[in-house]
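The block underneath contains the structure these notes are about, expressed in structure tokens.
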Amino acid sequence: MKIEVNGKTLEVAATTLAALLNELDYDEGHVATALNRGFVRKTQRAQTKIKEGDAVEIVSPRQGG
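Numbering (my numbering), first residue to last: 50 to 114.
Written out as structure tokens, the structure reads:
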């Protein structure tokens, strides 16, 4: 299915947010996620379904200042 990840359209097989992070090789414990502009907690990712046309934001923390 086609979804938008960080502003780019991607074709993915994942059906949950947790599976998407795995598919895209993100370390699930070290990112923040949002689905259609709504924050999704780490504990809710496995239950959070994604569908065609959804917009996902994945943000990694940065150090420094």
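Glycine included, each C-beta is placed from N, C-alpha and C at the ideal position.
With at least 16 other beta carbons inside 10 angstroms of its own, V105 counts as buried.
Setting aside the 5 residues that flank it on each side, L70 is surrounded in the same chain by E77, each with a C-beta closer than 6 Å to its C-beta; the list follows chain order.
V80 places its beta carbon less than 8 Å from that of V108. Its chain contains K51, I52 as the residues whose beta carbon lies nearer than 8 Å to that of T58, once the 5 sequence neighbours on both sides are disregarded; these appear in chain order.
The beta carbon of A63 sits closer than 6 Å to the beta carbons of L69, E72 from its chain, once the five residues preceding and following it are set aside; these are given in chain order.
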